[in-house]
Amino acid sequence: MKNKFIFTTILFLLLVFSENVKAQVNSEKNQTEIHYLSGTGKDDTVAWDFYCSDGMNSKKWTKIGVPSCWELQGFGNYNYGRDFKIPKKYNDEYGLYKHTFSVPKNWKQKEVKIVFEGVMTDCEVKINGKLAGEIHQGAFYEFKYGISKLLKYGTENLLEVKVNKMSANESVNYAERHSDFWIFGGIYRPVYLEVLPKEHINNVAIDAQANGNITAELFFNPKEAKTVQMNLLDLNGDIVQELSGFTTEKKEGKWILKGKAANVKTWNAEKPNLYALKMNLLDKKGKTIHTISKRIGFRTVEIRESDGIYVNGQKIKFKGVNRHSFYPNSGRTTSKELSIEHIKMMKDMNMNAVRMSHYPPDVHFLEACDSLGLFVIDELCTWHNPYLDTKVGKKLVKEMIVRDVNHSSILIWANGNESGWNLELDKEFSKWDVQNREVIHPWNSFKKMNTMHYPDYYKFAFDSPVKDKIYFPTEFLHGLYDGGHGAGLDDYWKQMWNMPLAAGGFLWDFADEGVVRTDKGGIIDLDNNHAADGIVGPYGEKEGSYFTIKEIWSPIFIEDRYIRDDFSGVFNVENRYHFTNLNECSMTAKWVRFNGPGGTTDFNIVSESKVELPELSPVAKGKFKVDKPKNWKSADALFLTASDIHGMEIFTWTYPVKTPKKINADKLNFNVKGSIKTIKTDTFITVSAGENEFKFSAENGLLKEVKKNGKLIPIKDGPILLGNKSALEKVKVNASDDKVEITGLFKERKKYYDWKENDEMTLDFFKWTIYPNGLLDLKVELRSQKIVEGYMGITFSFPEEEVKGMKWLGDGPYRVWRNRMKGTQFRVWENDYNNTVTGESGFVYPEFKGFFSSLNWVKLKGKQDNGFTVYCHSDLTFLRMLTPDQPADPKKGAIVTNFPKGDISFVKNIPAMGTKFMPASASGPQGSPKNYFGNVDEPIKIDLTFEF
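Residue numbers for the sequence shown follow my numbering, beginning at 24 and rising by one.
Have a look at this one:
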């Protein structure tokens with residue numbers, strides 16, 4: 024708790040000490056003052072007068088909160104960027120805004136600018152009826168006008184803004200609005216007045232290297248200014264160093280200052296150390312003309328050809344995700360709180376990077392990336408082709424970089440997305456970026472990098488003509504519905520981590536972009552399958568892949584381990600941090616016992632101890648040992664919880680200590696005395712035992728009906744043997760005073776079909792055993808196969824409409840796919856029934872229906888008190904619970920349709936999940952439809968006990 028408190032305190036200080044200090048007017052003389060005309064985000068708006076030309080609530084003056092997207096406020100019309108493919112008309116309504124504001128008299132000695140952080144799309148601004156400047160085009164960029172000469176001082180002023188949803192520049196429409204995301208209209212980011220001294224620094228670009236070297240470019244036109252005083256401050260605003268000895272090169276329109284700070288702490292995604300560089304512009308008498316502060320981190324970025332991407336000399340594997348600036352009930356209008364929430368979720372998934380898709384984000388998102396530690400790709404918004412024209416493109420490149428240049432989190436610029444690359448703009452980036460960051464073309468093989476999108480697993484052969492380039496997919500494992508993301512990542516990451524030229528990549532994408540439709544009663548609309556791509560739902564609901572990613576991308580990598588009687592306590596470990604020694608982290612071991620089906624979902628701790636992690640430098644391998652208490656074999660499982668240097672959980676690994684048979688041994692009593700009665704007819708075998716009555720088919724031995732105290736328990740029609748390839752020959756009944764056995768025997772087959780000299784035979788069978796107390800035992804044996812493509816196991820029917828929920832001991836709480844097994848924990852879980860279609864409807868997670876691994880027991884809760892409990896005594900068995908409803912349009916592979924017959928199954932193998940762009944079989948070995956069971960003499964066994 025102490026570490027978490029320290030981390031929270033540091034986070035608070037980092038965010039309060041934000042780059043522009045826009046939340047309040049800074050009273051220090053000669054500093055820039057900020058006065059908001061709008062609110063600051065989705066939860067803080069200011070009412071302006073508003074008129075919408077067409078669509079909802081149009082053709083009348085009313086009020087609207089600013090900032091906002093007008094569709095989410097009930098105005099205009101909705102469009103998705105791919106509507107031209109339907110085809111569907113792009114609505115082109117415009118909005119008119121009016122707002123009055125007062126200006127004090129003493130501002131007449133100041134320079135006043137009006138700043139718009141983002142407007143969709145073309146924006147005309149008037150102050151007191153006069154144009155403030157040329158119409159701005161481009162939705163995702165901050166722009167400003169000098170309005171000192173247009174203001175009335177000491178009285179009210181009128182601001183009028185006309186916003187055209189569609190741009191008059193068709194290249195802007197193609198770049199921003201013919202795109203694969205929702206498109207809106209409105210003043211959707213804050214608006215404020217910037218009040219400065221008459222002579223002031225317009226903007227500054229800073230390069231702070233890991234060795235302390237500082238280069239600062241100050242853009243302004245000096246009149247009285249003669250020199251610049253520079254100080255390095257900490258997050259409390261205290262001076263760390265008074266910087267002296269800087270050289271100054273004075274050019275037309277800018278000064279270039281160079282010098283060095285001593286003994287600085289470097290910035291990286293794991294340890295995001297930040298400072299503020301305070302610059303005082305002085306006249307010849309040493310009087311301060313203008314003071315500005317910029318938050319900086321000292322770090323060096325290198326992209327070494329045919330090698331990798333380096334930060335502070337350390338080669339980086341990017342564990343990244345693409346992220347839209349979006350929220351369901353506010354569209355592109357977000358908030359600082361939402362930015363922090365999203366970044367904390369990314370960090371919780373053990374990510375270290377984020378790509379802005381496909382436009383510059385809100386300033387507060389980048390500030391939080393600086394503070395919390397994420398590597399960033401910042402992107403100019405262009406989408407496919409035709410691309411952004413050069414004239415407007417140059418303006419937008421400048422606006423993006425002037426605003427974002429000093430963020431230490433930004434390592435790379437992206438000139439558009441997926442063939443939207445105007446090559447004439449590449450050289451524009453370095454004009455405004457003193458750091459001269461590399462520019463990439465996402466989806467393209469360009470200069471030093473191959474950023475191919477959506478490669479299948481077999482692209483890792485790296486036998487193409489660009490095999491000498493850094494492999495850096497800026498989109499991979501598309502997350503449509505329940506596909507991609509965690510499904511396939513284990514196979515991909517094994518390659519990415521171990522291949523020298525692989526630099527990691529960016530999953531697509533962070534959140535489902537489901538928007539509230541004010542024109543359709545408030546439904547969440549994902550535009551069919553276009554926006555259902557997230558690891559989390561529209562409001563941040565965590566899907567199963569969230570936790571799979573969290574384990575696979577854990578910076579503490581523990582080799583797979585099984586605990587058996589000769590367990591040594593030793594684990595092999597690899598430090599997958601880039602800047603943190605393993606011994607800076609902490610780990611706790613807990614030996615635990617679980618409650619049974621009638622108990623709670625919590626657990627009892629048998630023993631708890633601290634694990635001493637070894638001193639391992641980044642990317643080094645070693646071992647650690649867990650203390651074994653004397654009674655360790657009495658525990659059901661071992662939990663290992665690792666925490667990072669801030670006290671935040673990295674992951675909790677869980678390891679069963681006992682087999683299912685041993686765990687269940689004390690929960691069942693087969694020796695209770697009582698009466699048992701059997702009635703056999705040509706149709707049924709009816710067995711009465713205790714409170715229960717069982718009815719089996721005399722023809723095939725399948726369970727046909729269960730009643731307890733006369734109430735129907737609707738499980739039936741099983742066990743149907745999955746993977747059985749021979750016909751049922753006979754059903755045998757053996758009744759005695761203490762039990763009844765009903766055995767279904769299948770036709771004998773040769774044990775070794777390709778061993779002619781061996782005459783051994785084998786047969787599949789199932790055997791029911793009914794005990795006087797009503798327990799129902801089932802043993803099944805199936806002949807094993809070397810390579811299995813269908814299911815191997817058994818299945819039953821149970822009506823879905825009777826299911827209320829389930830409690831189980833096994834892996835959970837999320838379902839699994841063959842290529843998404845990681846991220847679960849072994850313990851007792853309880854889920855209520857839901858019918859969520861991942862990314863499409865419901866958005867209640869975990870999904871109730873699907874496959875669940877490492878089953879020990881499951882208690883099915885029926886709506887009419889008609890459920891039951893099944894104890895599974897067999898190792899490595901999957902529970903199949905019902906059949907998920909299927910999404911409407913999964914494209915090539917974001918779906919699994921081949922579920923077993925029936926409703927509830929117990930199987931030894933499960934299918935894999937694909938993605939929007941490829942079937943599961945293309946995602947790697949774990950995605951193969953073939954399961955290698957091996958050449959084994961022993962049959963496949965499933966041993967269950969039913970308790971009603």
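Ideal Cβ positions, reconstructed from N, Cα and C, are used throughout, including at glycine.
Bear in mind that the values here come from a model prediction, so they are computed numbers and not experimental data.
Rounded to whole angstroms, how far is the Cβ of residue i from the Cβ of residue j, which I believe are closer than 8 Å?
| i | j | result |
| --- | --- | --- |
| Phe969 | Val893 | 6 Å |
| Lys931 | Met815 | 5 Å |
| Ala248 | Glu272 | Not really, about 14 Å apart at Cβ, beyond 8 Å. |
| Ala376 | Gly343 | 3 Å |
| Asn345 | Thr405 | Actually they are not in contact, since the Cβ atoms of Asn345 and Thr405 sit about 16 Å apart, beyond 8 Å. |
| Val754 | Asn723 | 7 Å |
| Leu95 | Val559 | The pair is not a contact, with the Cβ atoms about 20 Å apart (cut-off 8 Å). |
| Met610 | Leu663 | 6 Å |
| Phe971 | Val710 | Wrong, their Cβ atoms sit about 13 Å apart, outside the cutoff. |
| Pro90 | Gly62 | 6 Å |
| Gly862 | Gly507 | Rounded, the Cβ-Cβ distance is 11 Å, inconsistent with contact. |
What are the boundary residues of the alpha helix (DSSP H) that includes residue i?
| i | result |
| --- | --- |
| Gln518 | 512-521 |
| Ser190 | Run containing Ser190: none; DSSP gives neither H nor E here. |
| Val895 | According to the sequence shown, residue 895 is Cys rather than Val. No alpha helix (DSSP H) holds Cys895; the beta strand (DSSP E) holding it covers 891-895. |
| Met253 | Where Met253 is concerned, there is no enclosing alpha helix (DSSP H), although the beta strand (DSSP E) it sits in stretches over 248-256. |
| Cys608 | Run containing Cys608: none; DSSP gives neither H nor E here. |
| Glu870 | Neither: Glu870 is in no alpha helix (DSSP H) and is coded neither H nor E. |
| Asp427 | 413-427 |
| Phe388 | 386-395 |
| Ser362 | 359-371 |
| Trp455 | 452-455 |
| Ser568 | 567-575 |
With residue i as the anchor, note down where its beta strand (DSSP E) starts and where it stops.
| i | result |
| --- | --- |
| Thr900 | That residue, Thr900, is in no beta strand (DSSP E); it is neither H nor E in DSSP. |
| Val756 | 751-758 |
| Thr603 | It is not in any beta strand (DSSP E) - Thr603 carries neither H nor E in the DSSP assignment. |
| Ala70 | 69-75 |
| Asn627 | 626-634 |
| Gly169 | 166-169 |
| Leu691 | No beta strand (DSSP E) contains Leu691, which DSSP labels as neither H nor E. |
| Trp436 | 433-440 |
| Ser928 | 927-930 |
For residue i, which beta-bridge partners are listed by DSSP?
| i | result |
| --- | --- |
| Tyr59 | Tyr215 |
| Ser876 | Bridge partners of Ser876: none, in fact. |
| Arg378 | Asn345, Ile400 |
| Ser820 | Lys739 |
| Phe647 | Phe594 |
| Gln264 | Leu255 |
| Leu745 | Gly816 |
| Trp831 | Trp852, Val881 |
| Ile918 | DSSP lists no partner for Ile918. |
| Val729 | Phe717, Ile736 |
| Ser468 | Asn473 |
| Glu764 | Asn757, Thr792 |
| Pro679 | Ala660 |
| Tyr350 | Gly354 |
| Thr709 | Ile702, Lys718 |
For this session: Note down, one range per segment and in chain order, each beta strand (DSSP E) of at least 3 residues found wholly within the stretch 267-332.
Result: Counting only runs of 3 or more, we get 270-274, 277-283, 298-306, 311-319, 324-327.
Problem set entry | Stretch pair the stretch 452-459 + the stretch 295-306: three plus CB contacts closer than 8 Å | Because the criterion of three Cβ pairs below 8 Å is not met, the stretch 452-459 and the stretch 295-306 do not touch.
For this session: Please specify which runs of the beta strand (DSSP E), each continuous and at least 3 residues long, are wholly inside the stretch 82-145, giving them in chain order.
Result: Within the stretch 82-145, the complete beta strand (DSSP E) runs of at least 3 residues are 84-89, 117-126, 133-139.
Problem set entry | Stretch pair the stretch 665-680 + the stretch 692-699: three plus CB contacts closer than 8 Å | Taking a cut-off of 8 Å for Cβ pairs, the stretch 665-680 and the stretch 692-699 do not touch, as fewer than three such pairs fall below it.
Problem set entry | Uninterrupted beta strand (DSSP E) stretches inside the stretch 775-806 (no shorter than 3 residues) | Taking only runs of at least 3 residues, the beta strand (DSSP E) segments lying wholly in the stretch 775-806 are 788-793, 799-805.
For this session: For the stretch 490-499 and the stretch 828-840, state whether three or more C-beta atom pairs, one from each stretch, are separated by less than 8 Å.
Result: Segments in contact, no.
For this session: Answer yes if the stretch 523-542 comes into contact with the stretch 581-594, meaning at least three C-beta pairs across the two stretches below 8 Å, and no otherwise.
Result: No: fewer than three Cβ pairs fall under 8 Å.
For this session: Evaluate contact between the stretch 385-394 and the stretch 267-284, counting only Cβ atoms and requiring at least three cross-stretch pairs below 8 Å.
Result: By the Cβ criterion, the stretch 385-394 is not in contact with the stretch 267-284, since fewer than three pairs of Cβ atoms, one from each stretch, lie closer than 8 Å.
Exercise. When the Cβ atoms of the stretch 137-147 are set against those of the stretch 161-173, are three or more pairs found closer than 8 Å?
Worked result: A contact exists between the stretch 137-147 and the stretch 161-173.
For this session: Flag this pair as touching only if the stretch 209-217 and the stretch 128-141 have three or more C-beta atom pairs under 8 Å; answer yes or no.
Result: In short, these stretches touch, since the Cβ pair count reaches three.
Exercise. Are the stretch 175-188 and the stretch 400-416 touching, with three or more C-beta to C-beta distances below 8 Å?
Worked result: Too few Cβ pairs lie closer than 8 Å, so no.
Exercise. How do the stretch 567-582 and the stretch 617-625 stand: do at least 3 beta-carbon pairs fall below 8 Å, yes or no?
Worked result: The answer is no - the stretch 617-625 does not touch the stretch 567-582, with fewer than three Cβ pairs under 8 Å.
Problem set entry | At least 3 beta-carbon pairs within less than 8 Å: the stretch 866-877 vs the stretch 904-923 | Touching, per the Cβ criterion.
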